[in-house]
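S.K.: Counting from 1, one number per residue, gives the positions in the sequence shown under full-length UniProt numbering.
We treat Cβ as the ideally placed atom computed from N, Cα and C, and that holds for glycine.
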Amino acid sequence: MGRCNAGLKFIPALVRELSDAEAEDAAITENLQREDVTPREEAAAYKRALESGRHTIESLVGKFGKSEAYIRSRLKLCDLIDALAEQLDREEISVGVATEIAKYDAAVQQEVYEEHFSDGCRLSWKNARIREIARRLYDRYMTRLDTYRFDKTECHTCHHNTANQILFKDECAEGCAGCQNRSCMMRKNDEYLVQQALQLLKADPRTVLATVGDTPDSVIEHLEEDGYRIQELDYYLDYYDTAPEMPEAPQAECYSSEENYAEAVKRYEAALARFTEQTRQLEFDVTEG
């Protein structure tokens, strides 16, 4: 039809017989080579190629001349929640920002969207730099391995360790590896706590096991099943529940206007004054007993 409309009797063409698999590969390749392909269309094409079973990340790197990090970052866009995916399609957020958020599960993405990217949110991140957003996400939502004391030998080669992932290369540059398999991490931590408790009891059978209320239930249940009694110290909980918490200083780049930032600074200064006074009062109460 196009030939007729153009007034041509002949057009240059290459006719090939293709199997269904070859035809699908050709369609994927053609889609990826379009000049107007969107990031999410590109991501869907890579995903389709992998799901066909005929390609791996490595073969896609060789076929399309993209780096492994590039292809993996594009694939993460397939995991975006709808609200953020729509913002990416409308170019309200950059592909870099979308990729950083897509590294986290749907629950985290939803919270980040509602608090920092939805219409009317109080603390917008839309004007923040990609690297800054990456740091905030990692600091807030990634479980840091260095905060736990269990043996991490198995973690060193685990694919859930962010230090072993290309996508978290920048975040882990200073060695702050995180764990993306929370159930495994908590199991290792529970086993460590039980082991430490048993070692204390072995060293001195008169040892009294006690908790301030933050010990995992599974650890307490394990020890109680072995015949040990655990005492709970409620008064520590009361102390921490009533302790003043220092407010977080607002960052100018997180606000859409100078007026909103100025209001945030005023709220921060007022909260800081309350924190200072509460801290002084607490120190006085402790001194007086």
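Quick check on Phe-10: buried or exposed, where buried means 16 or more other Cβ atoms within 10 Å of its Cβ?
M.R.: The residue in question, Phe-10, is exposed, as its Cβ has fewer than 16 Cβ neighbours within 10 Å.
S.K.: Taking the alpha-carbon positions, what's the Arg-280 to Ala-262 distance?
M.R.: 27 Å
S.K.: Scan the region 187-248 and note each continuous alpha helix (DSSP H) run of 4 residues or more that stays entirely inside, going in chain order.
M.R.: 217-225, 234-242
S.K.: When you compare only the Cα positions, how much space is there between Glu-191 and Gln-231?
M.R.: 20 Å
S.K.: How would you call Glu-171, buried or exposed, if buried means at least 16 neighbouring beta carbons within 10 angstroms?
M.R.: buried
S.K.: So, under 8 Å CB-CB, Leu-272 and Pro-250 are touching, yes? Tell me the CB distance rounded to an integer number of Å.
M.R.: Actually they are not in contact, since the Cβ atoms of Leu-272 and Pro-250 sit about 11 Å apart, beyond 8 Å.
S.K.: Considering just the uninterrupted stretch of the alpha helix (DSSP H) at Lys-47, what are its terminal residues?
M.R.: Residues 39-51.
S.K.: Is Leu-193 near Val-219, with beta carbons less than 8 Å apart?
M.R.: yes
S.K.: In this structure, does DSSP put Thr-143 in helix, strand or coil?
M.R.: strand
S.K.: Taking the straight line between their C-alpha atoms, what separation do you get for Gln-110 and Thr-143?
M.R.: 18 Å
S.K.: Could you spell out the range, first to last residue, of the alpha helix (DSSP H) harbouring Leu-77?
M.R.: It is not in any alpha helix (DSSP H) - Leu-77 carries neither H nor E in the DSSP assignment.
S.K.: Excluding five sequence neighbours on each side, which residues of the same chain lie with their C-beta closer than 8 Å to the C-beta of Thr-56?
M.R.: Leu-50
S.K.: Determine the direct distance from the alpha carbon of Gln-165 to that of Leu-84, and round the result to whole angstroms.
M.R.: 23 Å
S.K.: In whole angstroms, what separates the C-alpha of residue 291 from that of Leu-77?
M.R.: Residue 291 is absent from the structure shown; the chain starts at 1 and stops at 289.
S.K.: Among the residues of its own chain, which have a CB less than 6 Å from the CB of Ala-252, if the five just before and after it don't count?
M.R.: Within the same chain, Ala-252 has close Cβ partners Tyr-261.
S.K.: Just curious, the alpha helix (DSSP H) that Phe-64 is in, first and last residue?
M.R.: Run containing Phe-64: 57-64, per the alpha helix (DSSP H) assignment.
S.K.: Measuring only the C-alpha atoms, how far is Val-112 from Gly-65?
M.R.: Taken atom to atom, the span from the alpha-carbon of Val-112 to that of Gly-65 is near 33 Å.
S.K.: Can you give me the C-alpha to C-alpha distance between Asp-146 and Tyr-70, rounded to a whole angstrom?
M.R.: Each residue's alpha carbon lies about 28 Å from the other.
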